[in-house]
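Heads up, the thing below is written out as C-alpha cells.
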Amino acid sequence: MLRLRADHWSDGAARVATRQGLQAKSFERGAEAYRDAVGGSMSADSLGRITKGWGQQVETYRTAEAERASSLGPFGESPRERRVAAVEPIVENANVSTDGAMVLIREEGWKEVKVTAISAVTVKPAEERSVRAGQASRRDQDPVVTLSGHSYQAGLWDADRMALFQYAEGLRRDIDRCERLSSVNDGAPWIERITSTNFAQATQIIDWTHANQRLWTVANQVWGEQTVQVRGWVEHQLETLWAGRTADVVRALDGLNLDQAHYSAEVQQAPDYFRSRQPKMQYDRFRAEGYPIGSGTVESAANTVVHCRLRRPGRGWKRKNAQRMLAGLSELHSDRFDHAWRTIPQPVN
Numbered sequence: 003m004l005r006l007r008a009d010h011w012s013d014g015a016a017r018v019a020t021r022q023g024l025q026a027k028s029f030e031r032g033a034e035a036y037r038d039a040v041g042g043s044m045s046a047d048s049l050g051r052i053t054k055g056w057g058q059q060v061e062t063y064r065t066a067e068a069e070r071a072s073s074l075g076p077f078g079e080s081p082r083e084r085r086v087a088a089v090e091p092i093v094e095n096a097n098v099s100t101d102g103a104m105v106l107i108r109e110e111g112w113k114e115v116k117v118t119a120i121s122a123v124t125v126k127p128a129e130e131r132s133v134r135a136g137q138a139s140r141r142d143q144d145p146v147v148t149l150s151g152h153s154y155q156a157g158l159w160d161a162d163r164m165a166l167f168q169y170a171e172g173l174r175r176d177i178d179r180c181e182r183l184s185s186v187n188d189g190a191p192w193i194e195r196i197t198s199t200n201f202a203q204a205t206q207i208i209d210w211t212h213a214n215q216r217l218w219t220v221a222n223q224v225w226g227e228q229t230v231q232v233r234g235w236v237e238h239q240l241e242t243l244w245a246g247r248t249a250d251v252v253r254a255l256d257g258l259n260l261d262q263a264h265y266s267a268e269v270q271q272a273p274d275y276f277r278s279r280q281p282k283m284q285y286d287r288f289r290a291e292g293y294p295i296g297s298g299t300v301e302s303a304a305n306t307v308v309h310c311r312l313r314r315p316g317r318g319w320k321r322k323n324a325q326r327m328l329a330g331l332s333e334l335h336s337d338r339f340d341h342a343w344r345t346i347p348q349p350v351n
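FYI, the numbering for the sequence shown is 3 to 351, going by this note's numbering.
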C-alpha cells in the first residue's frame, strides 16, 4: 500500500495528483499536467504510485460495501436500514444498463471489464422535442426521454461478482425505491440474470441498436452486403419491429432457413434471439410510455471509463493495478471524486 509522507505531500497536492493520474492518457502526461497546475515537481512513477494507491483504497472500501449490501442481515435488522449510504439518489425514474469492455492484462491477454451504468431518466411530452426543419424522425411523436446523472461501477469481475457491485451501486442511487426502473441491455444472458436478480421490478428492454444490427447482419449474409434486397428487407423488418410486432419479425427470420452451416452462429441463432426476447422488444409500448430503448450510456462508459485510460499500446496492465485504476475511474466519471476523497479512507502517513 502506498503511504504518502505528510511533510512532502499536502492533502490538496495529493488530491490534484490523483485526479491528474486518472484523467490523463498516461502517468507521464499526468505528471506534466500536475507540474503545470501546481508548479511542483512530479515524476510519472510517483504519480502512478499515488493514483494506484488511492484506487486501492477505493477498491477495498467499495468491495466491503458490496459484500455487506448482499450479505444476510443479522437477526432483528430493520428492512428500512440502508446498508449503503445514498449518494445523489434518483427519486422518480431510473435506468440500469450493463456491458463489457476489453483491456489487455499482462500474462493473461485480453480480458473483459464489466461495467454497469445507472442514470436518472427524465420524460417530457413530444411537443417539447426539438426537430430540425426537413429532418423527420421515427421518434417525432414519442415522448422526449433523457438520461443524465450517470454513475458507474467497473471491474475485472465475473458475472456473479459484478452482481454485487451493481446491486450496491443501485442502493447508492436509491433505484430500488424509484417509481419506475428500466434496464436496457444487449440481451446477454448474464446481464439479464444478474439484473433481474438484483432488481426484479426493472422493465428489461433490448437495446434498439443491437436488434437493428442483428437484422442487418442476417440480411448481409443472406443476400450479400450493399444489395438492394438487403436494404429493402431490413427496412421492412425495422418498421415492423418499431411497431412492436416482433412475432412477425420472427416469422420472417424463420422463413429464411438460417440453420445452415455456411451462416455464422450469430445469424443461425437470430430467430431464437428475437423469439425468446419478444417481451423485451415491445418498442411501441416502451416508446409510448417514455422508457429509454437505447443502452448508449453504458456503451459510452466502455470508452470514457475504461478504454480512454486503460486501453493503450504496450504490455498492458497488471491485474491488480487495472482493478485499482478501474475503482478510481468509476468514482471520477461518476462525478463524485471529491466526495470519495473526503469519505473513503486515504493512503496517508
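Glycine included, each C-beta is placed from N, C-alpha and C at the ideal position. Quick caveat: nothing in here was measured; it's all calculated off a predicted structure.
Top-ranked residue by Cα proximity to residue i, from the options
i      : options                           : result
Ala213 : Glu227, Val186 and Gln223         : Val186
Arg216 : Ala267, Arg195, Trp192 and Arg179 : Ala267
Gly14  : Ala68, Ser121, Val40 and Ala329   : Val40
Ser28  : Gly42, Thr53, Ala190 and His238   : Thr53
Gly298 : Ala119, Ala33, Val89 and Arg21    : Ala119
Gln206 : Val98, Trp56 and Ala88            : Val98
Arg179 : Trp159, Thr219 and Arg84          : Arg84
Ala55  : Arg21, Arg174 and Trp210          : According to the sequence displayed, residue 55 carries Gly and not Ala. Among Arg21, Arg174 and Trp210, the Cα nearest to that of Gly55 is on Arg21.
Gln239 : Asp261, Pro273 and His264         : Pro273
Leu74  : Ala304, Ser302, Asp209 and Leu166 : Leu166
Arg174 : Pro127, Arg17, Lys116 and Pro91   : Pro91
Ala122 : Thr148, Ser43, Ile107 and Ala103  : Thr148
Glu291 : Val146, Asp47 and Ala190          : Val146
Ala303 : Arg289, Gly151, His341 and Val236 : Gly151
Asp340 : Gly172, Val89, Val93 and Gly257   : Val89
Arg311 : Tyr63, Asp256, Met104 and Ile196  : Met104
Trp218 : Glu181, Arg289 and Val269         : Val269
Ala68  : Leu106, Ala16, Glu301 and Asn200  : Asn200
Leu258 : Trp225, Thr242 and Gly172         : Trp225
Trp159 : Gln262, Val232, Trp192 and Pro347 : Trp192
Leu331 : Glu34, Gly42, Ala16 and Gln58     : Gln58
Alpha-carbon to alpha-carbon, residue j and residue i
i      : j      : result
Val350 : Gly50  : Bear in mind that the predicted position of Val350 carries a pLDDT of just 48, short of 50, making it unreliable; the figure below should be weighed with that in mind. Between Val350 and Gly50, the C-alpha separation is close to 16 Å.
Ala96  : Leu183 : 5 Å
Ser336 : Val60  : 13 Å
Ala135 : Glu129 : Residue placement at Ala135 is flagged as unreliable, the pLDDT there being 46, under the threshold of 50; a coordinate-derived value is accordingly withheld.
Gly71  : Ala170 : Correcting the residue type first, residue 71 is Ala in the shown sequence and not Gly. In a straight line, the C-alpha of Ala71 is about 6 Å away from that of Ala170.
Asp188 : Tyr293 : 16 Å
Gln284 : Asp144 : 14 Å
Glu194 : Met164 : 12 Å
Val125 : Ser12  : 45 Å
Asp286 : Trp244 : 6 Å
Arg253 : Gly234 : 17 Å
Leu4   : Val220 : Residue placement at Leu4 is poorly supported in this model, since its pLDDT is 42, which falls under 50; the coordinates still yield a value, given next. Each residue's Cα considered, the two are about 52 Å apart.
Asp101 : Leu260 : 27 Å
Arg7   : Pro76  : Residue placement at Arg7 is flagged as unreliable, the pLDDT there being 39, under the threshold of 50; a coordinate-derived value is accordingly withheld.
Pro127 : Ala202 : 28 Å
Thr306 : Ala342 : 19 Å
Thr345 : Ala46  : 27 Å
Asp256 : Val93  : 43 Å
Ala329 : Ala161 : 17 Å
Asn323 : Ile295 : 35 Å
Thr65  : Asp209 : 29 Å
Ala204 : Thr197 : 8 Å
Thr211 : Asp38  : 42 Å
Met327 : Ala87  : 23 Å
Arg377 : Val236 : The requested residue 377 is not part of the displayed model; the chain covers only 3 to 351.
Met44  : Tyr36  : 7 Å
Phe276 : Gln25  : 40 Å
Asn222 : Gln168 : 36 Å
Glu241 : Arg289 : 14 Å
Ile107 : Ser48  : 22 Å
Val300 : Val117 : 7 Å
Thr62  : Glu227 : 50 Å
Boundaries (first-last residue) of the alpha helix (DSSP H) holding residue i
i      : result
Trp343 : Phe339 to Thr345
Ser48  : Ala46 to Ser72
Trp235 : Val230 to Trp244
Thr100 : Where Thr100 is concerned, there is no enclosing alpha helix (DSSP H), although the beta strand (DSSP E) it sits in stretches over Asn95 to Ile107.
Ser302 : Gly298 to Ala303
Thr20  : Asp13 to Gln25
Val224 : Trp210 to Trp225
Met327 : Arg321 to His335
Tyr36  : Phe29 to Val40
Arg253 : Thr248 to Asp256
Gln271 : Per DSSP, Gln271 belongs to no alpha helix (DSSP H) and is neither H nor E.
Residue i Cβ short of 7 Å to the ligand SAM heavy atom set
i      : result
Thr306 : In the structure shown, the ligand SAM is absent, as is every other ligand, since no ligand is present at all.
Extent of the continuous beta strand (DSSP E) to which residue i belongs
i      : result
Leu2   : Any question about residue 2 goes unanswered here, given that the chain covers just 3 to 351.
Thr124 : Gly111 to Lys126
Neighbour flag for residue i against chain B, beta carbons, 8 Å
i      : result
Thr229 : Looking for chain B here will not work: only one protein chain is present.
| Quick one: complete alpha helix (DSSP H) runs, 4+ long, within the segment 130-200? | 161-174 and 191-200
| query | Three or more beta-carbon pairs under 8 Å between the segment 321-339 and the segment 149-157, yes or no? | reply | yes
| Per the contact definition of three or more C-beta pairs closer than 8 Å, is the segment 96-113 in contact with the segment 309-319? | yes
| message | Tell me whether the segment 272-282 and the segment 244-259 touch, counting them as touching only if at least three CB pairs, one residue from each stretch, are closer than 8 Å. | response | yes
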